[in-house]
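Notes follow the structure.
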Amino acid sequence: MPSAKKNVPAVKDVWQTLQDRTVARFISHLPPKTLPDDAQVRTAVNETESLLMDELCSAKQLSELWERADIEERQIAYARLEFSTWKNERPLLLPAPTFTERMNGAKLAIAVMLGTLAGAMLLSGAFNFLSDDPQTGHMLGGIIGSGAMVMVLWYASENKNVRRYLAAALGVATAAEVAIMFGKLSGLGMLWSALRPRFIGTGILVGLRRFFAYAGIVFLLRMSVRKPVFNRLEYEKNLRICIALWLDNARQFIASLKEASQKSGEKQALPEPVIAKKLGGYLHKLHQSQPAELATAASEMLLAARNIGFSGLDGDPAFISGKQATPQEFVWEEDMAEQFNTLGAIDTGDAVFVESLPVIQNGKVIEKGNVRKLRRAR
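Okay, so the sequence shown: first residue is 2 according to my numbering, each after it adds one.
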């Protein structure tokens, strides 16, 4: 008996899955058919970076990269802070959306029908006159006419010089017609009236010929215009390449934080250049954010400040919670002068309220806050 093969389900790589989710997140914020503008691309990039931050700095991914069973909250915060700094220095650079110029299918169908009709009419008449066989001319005329119309339309759409020449010819001819119409009494009008029968002729056939010439030029100009179409599939291929390279570098960076993450809970004063480096990128991002992106950018900057030791930034900020902060009130003690400046005469035991909080990093007062004496019920 032939041995039965066991169907082993293919386990998709975790990072391949993350790559697919990243591409899907980015594409979901772009219009399905039209070419996206700069604002839409920027929003898509911000949403993609937010997804990568949450995924790469999650406890599950850190446990895998650092080969540890338990990941503490402080280590997650440390990884997010360091990764944010790294990300600001090496942002996710994605290619600009690509597009291709395509001819409208409806226009092409109309051109084929008109070419078939014109070819059938012309060749059926010619065959009827030459061999008394209009059916053959009708059949061949439809085939030749449709093919010729498609070739002419394709050539006009591919060659911009042809379209420029047709547009210029139409403009000159129209200007001449208008000038003749309104200037028959002028010298130019009289001269053209005298020369016209010799070069163009007169009669109904001449009028029809001019009409069809105008109609043909307008038809070619209208039908040969190609519109840009967002090439979504080709763009996704380029995205996958860029995201795969960036993810590989991000994985290596986060893995390199393994040893430093063990010391992340120790309180230590950072040099001012380091603080400026860590917060500077967030300040620029906040400054360049659109109104819809302000909350995210400000939250990231607050998280970075909290992770490098700044106090008083716990909990949701007011712009997210929607709750108005109430002034802090307490009884003044002499030892509070280490953290607050007094605005006005304040004695020990007086009720005071906080006008501004002190700036404290890792227990060290960098800038004192201000308090005033409470003179009435607040």
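From the three backbone atoms N, C-alpha and C, an ideal C-beta is built for every residue, glycine too.
Checklist entry - Of all the options A70, R81, P292, which has the alpha carbon lying nearest to the alpha carbon of L304? => result R81
Item to check | Within 7 Å, strictly: CB atoms of T49 and T18 | outcome: no
Next on the checklist: Mapping the DSSP letters down to three states, classify Q362 as helix, strand or coil.
Outcome noted: strand
Item to check | Identity of the residue in E339, L344, F354, S312 nearest Q329 by Cα | outcome: F354
Checklist entry - Based on the DSSP secondary-structure assignment, which residues constitute the bridge partners of G370? => result F341
Next on the checklist: Would you call the segment 96-115 in contact with the segment 127-135, where contact means no fewer than 3 C-beta pairs closer than 8 Å?
Outcome noted: no
Checklist entry - Leaving out five residues before and five after E102 in sequence, what residues of the same chain have Cβ atoms less than 8 Å from its Cβ? => result R227, K228, P229, V230
Item to check | C-alpha gap between F331 and L314, whole angstroms | outcome: 20 Å
Next on the checklist: Can you give me the C-alpha to C-alpha distance between I347 and K374, rounded to a whole angstrom?
Outcome noted: 6 Å
Item to check | Whole-angstrom distance between A45 and F100, CA atom to CA atom | outcome: 18 Å
Next on the checklist: Considering only their Cβ atoms, is the gap separating L53 from I256 smaller than 7 Å?
Outcome noted: The amino acid at residue 256 is misidentified as Ile; the sequence shows Ala. Not a contact, by the Cβ cut-off of 7 Å.
Checklist entry - Based on the DSSP output, what are the partners of V355 in its beta bridges? => result V372
Next on the checklist: Quick check on M150: buried or exposed, where buried means 16 or more other Cβ atoms within 10 Å of its Cβ?
Outcome noted: buried
Item to check | One or two residues paired with E330 in a DSSP bridge | outcome: F354
Item to check | D39 to E90 span [Cα, whole Å] | outcome: 21 Å
Checklist entry - Hey, how far is the Cα of A299 from the Cα of N160? => result 51 Å
Checklist entry - Hey, quick one: how far does the alpha helix (DSSP H) through G310 stretch, first residue to last? => result Per DSSP, G310 belongs to no alpha helix (DSSP H) and is neither H nor E.
Item to check | Length of the line joining the Cα atoms of H30 and T327 | outcome: 39 Å
Checklist entry - Which residue comes first and which comes last in the alpha helix (DSSP H) that contains T35? => result Taken as a continuous stretch (DSSP letters only), T35 belongs to no alpha helix (DSSP H), as it is neither H nor E.
Checklist entry - Any idea if E368 is buried or exposed, counting beta-carbon neighbours within 10 angstroms, 16 or more meaning buried? => result exposed
Checklist entry - Assuming A157 contacts V163 under a Cβ cut-off of 8 Å, what Cβ separation, rounded to an integer in Å, is found between them? => result 5 Å
Item to check | Residue from V15, Q20, D14 with nearest C-alpha to K238 | outcome: Q20
Item to check | Local Cβ density within 10 Å of V15, reported as buried at 16 or more and exposed below that | outcome: exposed
Checklist entry - For Q291, which of helix, strand or coil comes out of DSSP? => result coil
Checklist entry - Taking the alpha-carbon positions, what's the A70 to R252 distance? => result 18 Å
Next on the checklist: Distance check for N250 and L63, CA to CA, integer angstroms please.
Outcome noted: 15 Å
Checklist entry - With burial defined as no fewer than 16 other Cβ atoms inside 10 Å of the residue's Cβ, what is the status of G1: buried or exposed? => result Examination of residue 1 is not possible in this model, given that the chain is present from 2 through 379 alone.
Checklist entry - Do you know how far the Cα of V153 is from the Cα of P135? => result 25 Å
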